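Using the UniProt record's numbering, you'd call the opening residue of the sequence shown number 4 and step up by one each time. We put the CB at the ideal spot given by N, CA and C, even for glycine. Please read these numbers as outputs of a predicted model, since none were measured by experiment. As structure tokens, the structure follows; a few thoughts come after it.
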Amino acid sequence: FFANIQELPPDPLFGLKARYNADSRADKVDLGIGAYRDNNGKPWILPAVKQAEQKLINSEGYNHEYLSISGYEPFLKESAKVILGEDSVAIKQNKIVSQQSLSGTGALHLAGAFLKNFYTGSNEGKVYLSKPTWANHNQIFTSLGLKVDSYPYWDNDNKSLDLKGFLNSIKQAPNGSIFLLHACAHNPTGLDPTKDQWVQILNEISQKNHVILFDSAYQGFASGDLEKDAFAIRSAINNDKIKTPIVICQSFAKNVGMYGERVGAVHIINNEDNYETINRAIKSQLNKLIRSEVSNPPAYGAKIVATVLSDAKLRSQWDQDLTTMSSRIIKMRNHLKQLLIELKTPGNWDHITNQTGMFSFTGLTPEMVSRLEEKHGVYLVSSGRASVAGLNEHNVEKVAKAFDEVVRF
Ligand code: LMR
4 FFANIQELPP DPLFGLKARY NADSRADKVD LGIGAYRDNN GKPWILPAVK
54 QAEQKLINSE GYNHEYLSIS GYEPFLKESA KVILGEDSVA IKQNKIVSQQ
104 SLSGTGALHL AGAFLKNFYT GSNEGKVYLS KPTWANHNQI FTSLGLKVDS
154 YPYWDNDNKS LDLKGFLNSI KQAPNGSIFL LHACAHNPTG LDPTKDQWVQ
204 ILNEISQKNH VILFDSAYQG FASGDLEKDA FAIRSAINND KIKTPIVICQ
254 SFAKNVGMYG ERVGAVHIIN NEDNYETINR AIKSQLNKLI RSEVSNPPAY
304 GAKIVATVLS DAKLRSQWDQ DLTTMSSRII KMRNHLKQLL IELKTPGNWD
354 HITNQTGMFS FTGLTPEMVS RLEEKHGVYL VSSGRASVAG LNEHNVEKVA
404 KAFDEVVRF
């Protein structure tokens, strides 16, 4: 019955995590999956989340009933405000349709399914992904039957953005293509366009009527500032030249530390003249997709995030928590670079501190990465991406020495 089925290799990220877990070396270091760790290498429950949990559980009427198919309404309202801003015109004018999803991956899957079924703005409806991009992007879209292509992003020689290649790709793609953009803290390179570069990118996109699909998984992680990290999204929405819909896939896995609770949303900002009628239709179709896939979204995490976002005290605690996480990561970037300089490790390591967010694209080759794992028990993705959140004051020296050894080997 399954004569043609083939066993696939383990997932690059979760396979790496399984190998790390199976390693018995006491001083092993996990720089693999993007999950924040504290200075002792332990998972961190944000104080804002702890307080929100207490508030939620003690509140009257707390229960485990089903949510509506769209999700938890206070969460949808607050999550849209976080990404678009308190004074967002799109929200005031009701131009936005929001649907709760199973975190960022569920949001991308839902957005992909929606576009595959209903997007009529181009014959091909190809999704363009940055090269490189998050390991899961490709298969999320291809498994839905969408075609994918790539646009140049990382200039390996200069460890910088290949802006020329990126803009050229936008120009060359058939009108109305779908461009997936990382809203901030690009995964895996940790390299974001500057504000000026974003303006150029968005203008070029507007000329070709491409649809923007934003993947926003790290708002607040790149700079510690939610407003700053929403720059690209808000610039796109406020750009009068962009008439096409804008789709935002929003995850709260990292910035609220709700990894396993799967809290996220899809927001579609529709700029068509008769947007009110179309938005009702969009909502009904998103509801149908959700109902057929998961019935209705999970409640617990969404209630916690909504509590954090809607309570002024918890909201300011969350701001502090974002600063705690982003500043520890920045400190670790500086520390690692400093140690590599002291060790006189061949090469230039400025990119470690120029990059932003959870990841550093170290420039280490797959062979070096493999030696790091086997000889030193330091785990990172074969592309050379290191989750800087896995570094701490107790292991950074070991990691720097291990990098040094594999570079010289
Ligand atoms: C990562 O890139 O490490 C994270 O986004 C975790 C994941 O689901 O892949």
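Spatial neighbours of residue i in its chain, beta-carbon cut-off 6 Å, leaving aside the 5 residues before and after
i    : result
L278 : In the sequence as displayed, the identity of residue 278 is Tyr instead of Leu. K98.
E376 : Y382
Where residue i falls: helix, strand or coil (DSSP)
i    : result
L49  : coil
L255 : One detail in the question is off: residue 255 reads as Phe in this sequence, not Leu. Coil, per DSSP.
D218 : strand
G263 : helix
S373 : helix
V381 : strand
S295 : helix
I236 : helix
H338 : helix
D228 : coil
G393 : helix
H354 : helix
D322 : helix
S302 : For the sequence presented, residue 302 should be read as Ala rather than Ser. DSSP places A302 in coil when its eight states are reduced to three.
F364 : strand
A38  : coil
G168 : helix
Rounded C-alpha distance that separates residue i from residue j
i    : j    : result
W352 : F234 : 27 Å
L105 : G260 : 14 Å
S133 : A186 : 12 Å
H112 : E345 : 45 Å
A51  : I72  : 27 Å
R40  : M335 : 12 Å
V269 : V250 : 7 Å
L164 : H189 : 11 Å
A93  : K119 : 24 Å
D324 : F5   : 49 Å
P77  : G64  : 15 Å
A25  : G366 : 26 Å
Y262 : I60  : 20 Å
Contacting residues, own chain, Cβ-Cβ under 7 Å from residue i (five flanking each side not counted)
i    : result
D160 : none
F169 : Y154, P155, Y156, I204
R318 : V311, L312
F117 : Q288, L289, L292
E56  : I307
V402 : V32, L339, V381, L394
Under 9 Å between C-beta atoms of residue i and residue j
i    : j    : result
T197 : F362 : no
Q253 : G107 : yes
L19  : Y382 : yes
L289 : Q102 : yes
N178 : S125 : yes
G128 : K150 : yes
A110 : G360 : no
S238 : V202 : yes
S82  : F255 : yes
N206 : K244 : yes
Contacts around residue i, its chain only, beta-carbon distance under 8 Å, and the 5 residues preceding and following it disregarded
i    : result
N43  : N395, H397
I36  : L16, F17, L19, K20, S390
Y23  : K31, D33, G35, Y382
V399 : M335, H338, L339, L342
N141 : L132, V151
Q222 : V85, I86, A186, C187, L229, D232, A233, Q253, N258
Cutoff 9 Å: residue i Cβ touching any chain D Cβ
i    : result
L342 : Note that chain D does not occur in the displayed structure, where there is just one protein chain.
Next item on the list: Let me know the alpha helix (DSSP H) ranges lying completely inside the segment 96-166, each 4 residues or longer, listed in chain order.
Entry: As far as the segment 96-166 is concerned, its whole alpha helix (DSSP H) runs of at least 4 residues are 106-121, 140-145.
Next item on the list: Please list the segments of the beta strand (DSSP E) lying wholly inside the segment 172-205, counting only runs of 3 or more residues, in order along the chain.
Entry: With a minimum length of 3 residues, the continuous beta strand (DSSP E) runs that stay inside the segment 172-205 are 181-185.
Check: Taking a cut-off of 5 Å, which residues have a beta-carbon closer than that to any heavy atom of ligand 2, in chain order?
Finding: No copy of ligand 2 occurs in the structure displayed; its ligands are ligand 1 alone.
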